[in-house]
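Engineer: Next up is a structure, given as C-alpha cells.
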Amino acid sequence: MMETISIADWKFRVDRDATLEYTVKCSLDHCLCPYCRNFYETVDAANPRLRSVLDGFGIFLDGPCEVMPLEHNVILAAYRVTGSVDRMGKTRLYVDDVPLIPEAGEKGTFLLWTGPMELPWVQKEAPGDVISPANEPEFLERMTRKWMELTEQDLMQS
Numbered sequence: 002m003m004e005t006i007s008i009a010d011w012k013f014r015v016d017r018d019a020t021l022e023y024t025v026k027c028s029l030d031h032c033l034c035p036y037c038r039n040f041y042e043t044v045d046a047a048n049p050r051l052r053s054v055l056d057g058f059g060i061f062l063d064g065p066c067e068v069m070p071l072e073h074n075v076i077l078a079a080y081r082v083t084g085s086v087d088r089m090g091k092t093r094l095y096v097d098d099v100p101l102i103p104e105a106g107e108k109g110t111f112l113l114w115t116g117p118m119e120l121p122w123v124q125k126e127a128p129g130d131v132i133s134p135a136n137e138p139e140f141l142e143r144m145t146r147k148w149m150e151l152t153e154q155d156l157m158q159s
C-alpha cells in the first residue's frame with residue numbers, strides 16, 4: 002500500500018511493506034569486510050535519529066543495498082525504496098548532520114543515499130591496512146549474483 006511522505010518541500014510515495022521486505026533481505030547478505038562491520042556496529046550510536054527517520058520510509062537501517070567507504074570512517078549507504086519521488090524539492094534533506102539524497106532508481110523504485118557520514122572506527126584492523134572488498138573478484142561475483150537474483154524477482158512481480 003502506497004503512503005505519501007512529505008519532508009520540507011519534497012514529496013515521496015512509498016510502499017513501506019515492500020521496502021521493509023527488500024531491506025530486510027539485504028540485511029541477510031551483509032558484507033563482512035571491516036568497513037561494513039564498522040558501519041553496522043557504529044551507525045546507531047553515531048546517528049541516533051537516523052533509524053527512526055528511515056523507518057518512516059519502511060527502510061531497515063541494517064539493510065542497505067550498498068555501503069560505500071569514502072575513507073575508513075566516512076561512509077555512504079544506499080537503500081532501495083519501493084515508490085517514487087513525486088516532488089523534488091530544493092531543500093537539502095538531513096537527519097541531524099547526515100545528508101539524505103534521493104536518486105532515481107529502477108522502475109517503481111528510488112535510492113535513498115545516506116551520507117557521507119563520519120563514524121568512529123572500532124574495528125581491530127588498522128584502517129590503513131584495510132583493502133576495499135570492491136576490488137576483490139569474489140565480491141564482484143557475489144554482488145553480480147545478488148543483483149541478478151533481485152532483478153529476476155522484480156521481473157516476476159511485474
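Residue numbers (this note's numbering): 2 to 159. C-beta atoms are modelled at their ideal positions from N, C-alpha and C, and glycine is treated no differently. These numbers come from a predicted model, not from an experiment.
Using DSSP bridges, identify the partner residues of residue 12.
Structural biologist: 7 and 88
Engineer: According to DSSP, which residues form a beta bridge with residue 80?
Structural biologist: When DSSP reads this structure, residue 80 sits in a beta bridge with 113.
Engineer: My output table needs one value for residue 18: the three-state DSSP class, helix, strand or coil.
Structural biologist: helix
Engineer: Where does residue 118 land, buried or exposed, given buried means 16+ other C-beta within 10 angstroms?
Structural biologist: buried
Engineer: How close, in whole Å, do the beta carbons of residue 70 and residue 80 come, if the pair is a contact with beta carbons under 8 Å?
Structural biologist: 17 Å between Cβ atoms; not a contact.
Engineer: Looking at the secondary structure, which residues open and close the alpha helix (DSSP H) in which residue 127 lies?
Structural biologist: That residue, residue 127, is in no alpha helix (DSSP H); it is neither H nor E in DSSP.
Engineer: Quick check: what's the CA-CA separation for residue 96 versus residue 109?
Structural biologist: 25 Å
Engineer: Mind checking which residues open and close the beta strand (DSSP E) that includes residue 101?
Structural biologist: 99-105
Engineer: Would DSSP call residue 51 helix, strand or coil?
Structural biologist: helix
Engineer: For residue 65, which of helix, strand or coil comes out of DSSP?
Structural biologist: coil
Engineer: Do residue 20 and residue 59 come within 7 Å of each other at the CB atom, strictly closer than that value?
Structural biologist: yes
Engineer: How about residue 39 and residue 99: are their beta carbons less than 7 Å apart?
Structural biologist: Annotated as distal: residue 39 and residue 99, with beta-carbon spacing of 7 Å or more.
Engineer: Among all the DSSP beta bridges, which residues are the ones paired with residue 94?
Structural biologist: Answer by DSSP bridge pairing, in chain order: 101.
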